[in-house]
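Heads up: the sequence shown begins at 12 in the working numbering, then just goes up one per residue. Backbone N, C-alpha and C define an ideal beta-carbon position, used for all residues, glycine too. Nothing here was measured: the structure is a model prediction, and the numbers come from that model.
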Amino acid sequence: MSALEFRYVRGAIHLPALGLWLDAHRAIGAEEAVFVSHAHSDHTAAHKRVLFSPPTQKLMRARLAGRREEHALAFGQRVALAEFAPQAPASAALTLLPAGHIFGSAMSLIEADGESLLYTGDFKLRPSLSAELCEPRRADTLIMETTFGRPHYVLPPQADIFRDILDFCRTALVEGAVPVLQSYSLGKSQEILHALTEAGLPVMLSAPVAKMTRVYAEFGRTYIGWQPLEIAQAAGHVVISPPGANLDALKQQHVNVRTAVLTGWALDKGCHYRYGVEAAFPLSDHADYPDLLAFVRQVAPKRVFTLHGFAAEFATTLRCLGIEAWALGEANQLELPLG
12 MSALEFRYVR GAIHLPALGL WLDAHRAIGA EEAVFVSHAH SDHTAAHKRV LFSPPTQKLM
72 RARLAGRREE HALAFGQRVA LAEFAPQAPA SAALTLLPAG HIFGSAMSLI EADGESLLYT
132 GDFKLRPSLS AELCEPRRAD TLIMETTFGR PHYVLPPQAD IFRDILDFCR TALVEGAVPV
192 LQSYSLGKSQ EILHALTEAG LPVMLSAPVA KMTRVYAEFG RTYIGWQPLE IAQAAGHVVI
252 SPPGANLDAL KQQHVNVRTA VLTGWALDKG CHYRYGVEAA FPLSDHADYP DLLAFVRQVA
312 PKRVFTLHGF AAEFATTLRC LGIEAWALGE ANQLELPLG
């Protein structure tokens with residue numbers, strides 16, 4: 012069995028010969044190590060031995076209580092896996108690379124016995140105001156997320172997205188309304204906060220967003236011009252809050268509240284109806300369809316395994332391009348030539 016042979020178990024990747032899990036969704040005991048690509052809740056659990064980047068270490072501590080053996084690795088630092096997973100062969104090495112998804116998000120490059128595997132976690136190639144630039148590296152096997160794996164998911168230029176969000180906020184403020192931008196408390200909120208404060212707009216952050224933003228400041232990523240949300244004082248401010256947050260108290264205090272959601276799914280018609288908001292803007296921390304294709308070209312793998320979103324459709328696209336590709340956890344519709 013190759014040291015890099017893996018299994019797909021409950022939405023996570025397990026490399027049994029290395030004693031290593033990648034983004035396991037259920038808690039893993041101390042007998043094996045877990046690589047955590049970033050601190051979003053769907054990529055973390057109460058593991059006992061964790062490998063991650065220093066920002067993810069701090070952000071995960073702020074979101075998930077408990078004791079664990081932590082190993083924070085710098086980007087580009089090639090380490091022997093046997094240091095963290097005793098059953099791993101001496102030839103096995105791990106290198107964390109920036110993923111560009113959110114601050115501290117990492118890809119995992121694993122090498123053993125002359126072969127290499129790159130696991131992306133969530134990623135994006137587009138430059139970000141609040142995250143490190145993604146750094147793809149060549150690998151024999153690529154396991155990649157494919158959230159926006161259909162051709163119509165093409166995001167507009169980021170400058171255009173920010174312009175439209177700023178116009179929404181300025182119009183609301185001029186008309187005496189309180190604009191509320193709904194975005195994930197970690198990652199996307201700091202991205203739009205950067206744009207808003209650079210534009211000189213006063214901002215209030217709900218408690219979950221403020222908590223994550225303070226962790227960013229521990230790494231020198233400080234945003235000037237925001238304050239914690241005070242509902243009675245919210246008039247004249249842009250409010251940033253997670254999707255699904257209860258806004259009843261804000262709406263009772265301020266009759267005119269205008270809501271917008273920030274999500275890549277805004278590219279789908281009727282998105283704002285599904286989220287119950289007045290507007291939807293396609294600000295995303297995931298790679299869009301052109302970036303997914305560009306990423307595969309840069310990695311130049313012998314084989315690709317796709318995860319999440321439109322994994323089966325994107326695997327089909329890659330096979331049509333002559334690349335061996337398979338969707339994990341989904342039926343793979345093989346293309347049969349006619350005649």
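With distances taken from CA atoms, which of the options is nearest residue i?
{"i": "Ala-291", "options": "Tyr-300, Asp-299, Ala-338 and Lys-280", "result": "Lys-280"}
{"i": "Leu-212", "options": "Tyr-195, Ala-218, Ile-251 and Ser-194", "result": "Ile-251"}
{"i": "Met-155", "options": "Val-165, Lys-135, Ile-242 and Ala-57", "result": "Lys-135"}
{"i": "Tyr-164", "options": "Gly-340, Ala-336 and Gly-320", "result": "Gly-320"}
{"i": "Glu-81", "options": "Lys-59, Ala-305 and Pro-97", "result": "Lys-59"}
{"i": "Ala-311", "options": "Ala-150, Gly-125 and Ala-101", "result": "Ala-150"}
{"i": "Ala-28", "options": "Ala-14, Gly-40, Ala-338 and Thr-208", "result": "Ala-14"}
{"i": "Leu-144", "options": "Val-47, Ala-323, Val-307 and Ala-298", "result": "Ala-298"}
{"i": "Ser-116", "options": "His-49, Phe-306 and Ala-101", "result": "His-49"}
{"i": "Arg-308", "options": "Ala-323, Leu-332, Ser-295 and Leu-294", "result": "Leu-332"}
{"i": "Arg-181", "options": "Val-249, Lys-222, Pro-162 and Pro-219", "result": "Val-249"}
Using a Cβ cut-off of 8 Å (strictly closer), state whether residue i contacts chain C.
{"i": "Ala-218", "result": "In the structure shown, chain C does not exist; there is a single protein chain."}
Just to confirm my understanding: we take residue i, look at its own chain, exclude 5 residues before and 5 after, and list those with CB closer than 7 Å. What are they?
{"i": "Phe-17", "result": "Ile-24, His-25 and Leu-26"}
{"i": "Leu-184", "result": "Pro-190 and Gly-247"}
{"i": "Ala-83", "result": "Phe-63, Ser-64, Pro-65 and Gln-68"}
{"i": "Ala-56", "result": "Ala-35, His-36, Arg-37 and Ala-38"}
{"i": "Leu-140", "result": "Glu-202, His-205 and Ala-206"}
{"i": "Val-268", "result": "Ala-188, Val-189, Val-191, Leu-258, Leu-261 and Lys-262"}
{"i": "Ala-338", "result": "Thr-317, Ala-322, Ala-323 and Ala-326"}
What does the alpha-carbon distance come out to for the pair residue i and residue j?
{"i": "Arg-21", "j": "Leu-108", "result": "25 Å"}
{"i": "Lys-313", "j": "Gln-88", "result": "25 Å"}
{"i": "Pro-348", "j": "Gly-160", "result": "With a pLDDT of only 49 at Pro-348, under 50, the local geometry of the prediction cannot be trusted, and the value read off the model is given with reservation. Pro-348 and Gly-160: Cα-Cα distance of roughly 23 Å."}
{"i": "Ala-256", "j": "Ile-334", "result": "43 Å"}
{"i": "Phe-95", "j": "Leu-70", "result": "21 Å"}
{"i": "Arg-148", "j": "Leu-129", "result": "8 Å"}
{"i": "Leu-318", "j": "Val-61", "result": "22 Å"}
{"i": "Val-288", "j": "Val-90", "result": "47 Å"}
{"i": "Ala-73", "j": "Trp-237", "result": "20 Å"}
{"i": "Leu-303", "j": "Gly-111", "result": "13 Å"}
{"i": "Gly-231", "j": "Phe-114", "result": "12 Å"}
{"i": "Gln-244", "j": "Ala-336", "result": "54 Å"}
{"i": "His-54", "j": "Leu-105", "result": "19 Å"}
{"i": "Gln-169", "j": "Pro-97", "result": "44 Å"}
{"i": "Tyr-300", "j": "Lys-262", "result": "38 Å"}
{"i": "Gly-132", "j": "Ile-242", "result": "37 Å"}
{"i": "Asp-175", "j": "Leu-197", "result": "22 Å"}
{"i": "Ala-93", "j": "Val-47", "result": "17 Å"}
{"i": "Glu-209", "j": "Asp-178", "result": "14 Å"}
{"i": "Val-214", "j": "Leu-278", "result": "26 Å"}
{"i": "Met-118", "j": "Tyr-284", "result": "34 Å"}
{"i": "Val-266", "j": "Ala-228", "result": "34 Å"}
{"i": "Thr-157", "j": "Leu-329", "result": "12 Å"}
{"i": "Ala-76", "j": "Leu-33", "result": "20 Å"}
Taking 8 Å as the limit between beta carbons, can you name the residues of its chain near residue i, skipping five residues before and five after?
{"i": "Ala-85", "result": "Ser-64, Pro-65 and Leu-107"}
{"i": "Pro-254", "result": "Gln-193, Ser-194, Tyr-195, Val-272, Thr-274 and Tyr-286"}
{"i": "Thr-224", "result": "Ser-200, Gln-201, Leu-204, Leu-216, Tyr-234 and Trp-237"}
Spatial neighbours of residue i within its chain, please: C-beta separation below 6 Å, excluding the five flanking residues on both sides.
{"i": "Ser-52", "result": "none"}
{"i": "Leu-31", "result": "Ala-44 and Ala-96"}
{"i": "Phe-173", "result": "Ala-206"}
{"i": "Ile-121", "result": "Leu-105 and Leu-128"}
{"i": "Leu-153", "result": "Leu-129, Val-310, Pro-312 and Val-315"}
{"i": "Asp-124", "result": "Ala-14 and Ser-102"}
{"i": "Leu-294", "result": "Ile-172 and Leu-273"}
From the DSSP output, in three-state form, read off residue i for me.
{"i": "Tyr-284", "result": "helix"}
{"i": "Thr-328", "result": "helix"}
{"i": "Arg-72", "result": "helix"}
{"i": "Val-220", "result": "helix"}
{"i": "Leu-107", "result": "strand"}
{"i": "Ala-41", "result": "coil"}
{"i": "Tyr-234", "result": "coil"}
{"i": "His-54", "result": "helix"}
{"i": "Glu-94", "result": "helix"}
{"i": "Ile-242", "result": "helix"}
{"i": "Leu-303", "result": "helix"}
{"i": "Val-20", "result": "strand"}
{"i": "Thr-67", "result": "helix"}
{"i": "Ala-323", "result": "helix"}
{"i": "Arg-78", "result": "coil"}
{"i": "Arg-47", "result": "It should be noted that the sequence gives Val, not Arg, for residue 47. It is coil, neither helix nor strand."}
{"i": "Leu-261", "result": "helix"}
{"i": "Val-266", "result": "coil"}
{"i": "Ala-277", "result": "helix"}
{"i": "Leu-29", "result": "helix"}
{"i": "Ala-14", "result": "coil"}
{"i": "Ala-228", "result": "helix"}
For the ligand NAD, I want to know if residue i counts as a neighbour, meaning its beta carbon is within less than 7 Å of at least one of the ligand's heavy atoms.
{"i": "Thr-328", "result": "Only the bare structure without any ligand can be found here, which leaves the ligand NAD out of the picture."}
Next item on the list: Just list the beta strand (DSSP E) runs in the segment 128 to 210, keeping only unbroken ones of 3 residues or longer that don't cross its boundaries, in chain order.
Entry: 152 to 156 and 189 to 193
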